[in-house]
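With positions in the sequence shown counted from 1, the corresponding number in our numbering is that position plus 545.
Glycine included, every Cβ here is placed at the ideal spot set by N, Cα and C.
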Amino acid sequence: MQKVVISGTGLYTPPNSISNDELVASYNAWAERFNQENAEAIDAGELAAVPLSSSEFIEKASGIKSRHVVNKRGILDIDRMVPEIPERSNDEWSILCEMSVKAATEALERAGRTAADIDGVIVACSNLQRPYPAIAVEVQAALGIQGFGFDMNVACSSATFGIQTAANTVSTGQARAVLMVNPEICTGHMNFRDRDSHFIFGDACTAVIIERAEDATSEHQFEILGTKLLTQFSNNIRNNFGFLNRADESGIGQPDKLFVQEGRKVFREVCPMVAELIGNHLEEVKLSVADVSRFWLHQANLNMNMLIARKLLGRDPDLEKEAPVVLDEYANTSSAGSIIAFHKYQDDLPSGSHGVICSFGAGYSIGSVIVRKR
Ligand code: CO8
Numbered sequence: 546m547q548k549v550v551i552s553g554t555g556l557y558t559p560p561n562s563i564s565n566d567e568l569v570a571s572y573n574a575w576a577e578r579f580n581q582e583n584a585e586a587i588d589a590g591e592l593a594a595v596p597l598s599s600s601e602f603i604e605k606a607s608g609i610k611s612r613h614v615v616n617k618r619g620i621l622d623i624d625r626m627v628p629e630i631p632e633r634s635n636d637e638w639s640i641l642c643e644m645s646v647k648a649a650t651e652a653l654e655r656a657g658r659t660a661a662d663i664d665g666v667i668v669a670c671s672n673l674q675r676p677y678p679a680i681a682v683e684v685q686a687a688l689g690i691q692g693f694g695f696d697m698n699v700a701c702s703s704a705t706f707g708i709q710t711a712a713n714t715v716s717t718g719q720a721r722a723v724l725m726v727n728p729e730i731c732t733g734h735m736n737f738r739d740r741d742s743h744f745i746f747g748d749a750c751t752a753v754i755i756e757r758a759e760d761a762t763s764e765h766q767f768e769i770l771g772t773k774l775l776t777q778f779s780n781n782i783r784n785n786f787g788f789l790n791r792a793d794e795s796g797i798g799q800p801d802k803l804f805v806q807e808g809r810k811v812f813r814e815v816c817p818m819v820a821e822l823i824g825n826h827l828e829e830v831k832l833s834v835a836d837v838s839r840f841w842l843h844q845a846n847l848n849m850n851m852l853i854a855r856k857l858l859g860r861d862p863d864l865e866k867e868a869p870v871v872l873d874e875y876a877n878t879s880s881a882g883s884i885i886a887f888h889k890y891q892d893d894l895p896s897g898s899h900g901v902i903c904s905f906g907a908g909y910s911i912g913s914v915i916v917r918k919r
């Protein structure tokens with residue numbers, strides 16, 4: 546078995562950003578119009594009035610202040626409330642491929658690698674834009690990578706599950722190096738007319754190069770000391786969109802064909818599972834929580850991360866140093882979130898520092914990757 550390192554990471558951030566105030570203004574304008582247009586039915590008790598949203602609630606309940614998105618106009622247009630992303634011809638690179646190439650280019654550069662050094666591509670994300678051909682195979686072609694590519698989806702935990710898959714592939718000698726990418730257009734699967742969830746997600750793409758330690762020359766190396774994954778079935782985060790929808794037309798366009806969740810239950814059930822998994826994983830690799838300099842946690846909710854860090858540390862974390870936050874600017878970018886935090890907050894760590902990349906989300910799915918800076 547070969548020792549394996551993460552030798553480079555990359556990030557693509559879409560140029561458009563929507564603040565809470567902008568998002569709430571659009572949602573509330575739609576809600577007020579809906580309530581006016583349906584005033585009679587609402588007064589007669591035949592229809593429930595749509596409640597208004599508030600920026601204060603969003604920031605307090607989640608820590609989110611804004612989100613980057615691939616298309617702003619379509620989301621904020623109250624006659625649409627869906628991003629406008631024109632279909633492309635089969636001769637053009639798809640938008641997920643385009644985002645992946647941008648993030649991968651930075652990851653390759655930081656790893657000091659070129660396409661010729663990579664033997665496999667994994668696209669791991671929540672929101673795949675088509676069933677086939679795999680986006681990973683398209684990314685391979687766009688970058689000129691030989692070998693193999695495949696897509697995988699474990700919702701918000703796709704990246705950590707992708708890192709484990711890539712690390713196993715490299716450690717067993719099946720590949721010298723693997724590119725693992727997380728293109729997430731979460732706004733394509735959001736219900737911007739649902740007050741409870743309209744603020745939760747944003748768009749981004751991250752990329753990670755995983756390679757043999759003995760080959761690595763990068764200045765940004767983290768040895769993977771261990772990976773630990775857990776899944777436990779839950780309907781509390783669900784999206785019923787799929788290829789069989791057309792086999793029952795009555796369900797097409799219903800809210801359950803977009804992201805839906807029982808946020809409170811997720812919060813309550815997932816936090817203890819995450820803290821326990823990280824604690825057990827650290828024990829397995831003979832480290833204690835005190836040995837960990839940084840937790841790059843999944844970026845869904847600041848209060849969740851505070852609670853998890855508190856459970857582990859027995860005190861409030863120093864967010865800047867111990868559990869960096871990117872969800873204030875990015876919102877929840879699903880699988881990309883913990884990797885954005887890892888990418889942005891790693892260069893200051895001295896060699897020998899230990900860190901944990903941890904994701905959690907739909908499934909439920911939880912993934913922990915323990916690393917040591919080289
Ligand atoms: N404005 C004002 N008030 C609001 C709003 C709003 N926008 N939304 C809700 N309220 C109200 C509620 O109606 C409720 O009112 P009342 O008390 O009268 O009933 C009150 O505020 C409190 O509501 P909640 O109990 O729902 O509020 P919480 O404090 O629980 O906060 C959160 C809601 C922020 C959603 C929180 O529960 C949370 O973050 N939970 C965890 C969610 C999570 O991490 N989910 C993971 C999902 S991501 C994932 O797994 C990947 C899926 C794949 C990606 C798909 C991409 C689209």
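Cβ-Cβ separation, residue j to residue i (assumed contact under 8 angstroms), whole Å
{"i": "Ile663", "j": "Leu770", "result": "The pair is not a contact, with the Cβ atoms about 23 angstroms apart (cut-off 8 angstroms)."}
{"i": "Leu621", "j": "Ser571", "result": "4 angstroms"}
{"i": "Gly733", "j": "Ala648", "result": "The pair is not a contact, with the Cβ atoms about 18 angstroms apart (cut-off 8 angstroms)."}
{"i": "Ala687", "j": "Cys642", "result": "6 angstroms"}
{"i": "Ala681", "j": "Val699", "result": "Their Cβ separation, rounded to whole angstroms, is 15 angstroms, which puts Ala681 and Val699 out of contact at 8 angstroms."}
Which of helix, strand or coil DSSP assigns to residue i
{"i": "Phe804", "result": "coil"}
{"i": "Tyr922", "result": "One cannot answer for residue 922 here, as it falls past the ends of the chain, which runs 546 to 919."}
{"i": "Val916", "result": "strand"}
{"i": "Lys610", "result": "coil"}
{"i": "Phe737", "result": "coil"}
{"i": "Ile782", "result": "strand"}
{"i": "Met697", "result": "strand"}
{"i": "Arg809", "result": "helix"}
{"i": "Ser564", "result": "strand"}
Distance cut-off 7 angstroms: residue i Cβ against heavy atoms of the ligand CO8
{"i": "Ile782", "result": "yes"}
{"i": "Met735", "result": "yes"}
{"i": "Ile603", "result": "yes"}
{"i": "Gln806", "result": "yes"}
{"i": "Gly906", "result": "yes"}
{"i": "Ala845", "result": "yes"}
{"i": "Arg809", "result": "yes"}
{"i": "Asp741", "result": "yes"}
{"i": "Met849", "result": "yes"}
{"i": "Cys903", "result": "no"}
{"i": "Cys701", "result": "yes"}
{"i": "Asn635", "result": "no"}
{"i": "Ser763", "result": "no"}
{"i": "Ala868", "result": "no"}
{"i": "Ala606", "result": "yes"}
{"i": "Asn744", "result": "The question names Asn, yet the displayed sequence has Phe at residue 744. True, at least one ligand heavy atom lies under 7 angstroms from that Cβ."}
CB contact check: residue i to chain B, cutoff 8 angstroms
{"i": "Pro862", "result": "Of the protein chains in this structure there is only one, and it is not chain B."}
Per DSSP, the bridge partner or partners of residue i
{"i": "Asn727", "result": "Thr751"}
{"i": "Trp841", "result": "Ile902"}
{"i": "Asn951", "result": "A query on residue 951 cannot be resolved here, the shown segment of the chain reaching from 546 to 919 and no further."}
{"i": "Gly771", "result": "Ile915"}
{"i": "Val550", "result": "Glu756, Glu768"}
Beta-carbon contacts of residue i that lie in its chain and below 6 angstroms, excluding the five residues immediately before and after
{"i": "Ser607", "result": "Asn846"}
{"i": "Ala656", "result": "Ser552, Gly553, Ile754, Ser763"}
{"i": "His888", "result": "Thr554, Leu556"}
Neighbourhood of residue i by C-beta, 7 angstroms cutoff - its chain only, sequence neighbours within 5 removed
{"i": "Lys617", "result": "Asn561, Ile563"}
{"i": "Asp741", "result": "Gly808"}
{"i": "His613", "result": "Thr558, Pro559, Asn561, Ser562, Gly747, Asp748, Ala749, Tyr875"}
Check: residue i C-beta below 7 angstroms from any heavy atom of the ligand NAD
{"i": "Ser795", "result": "As for the ligand NAD, it is missing from this structure, which binds only the ligand CO8."}
Cutoff 8 angstroms; reference residue i; Cβ partners in own chain excluding five residues on either side
{"i": "Glu756", "result": "Val549, Val550, Ser552, Ala656, Arg658, Asp662, Val715, Arg721, Ala722, Val723"}
{"i": "Cys701", "result": "Ser671, His843, Ala845, Asn877, Ser879, Ser880, Gly882, Ser904, Phe905, Gly906, Ala907, Ser910"}
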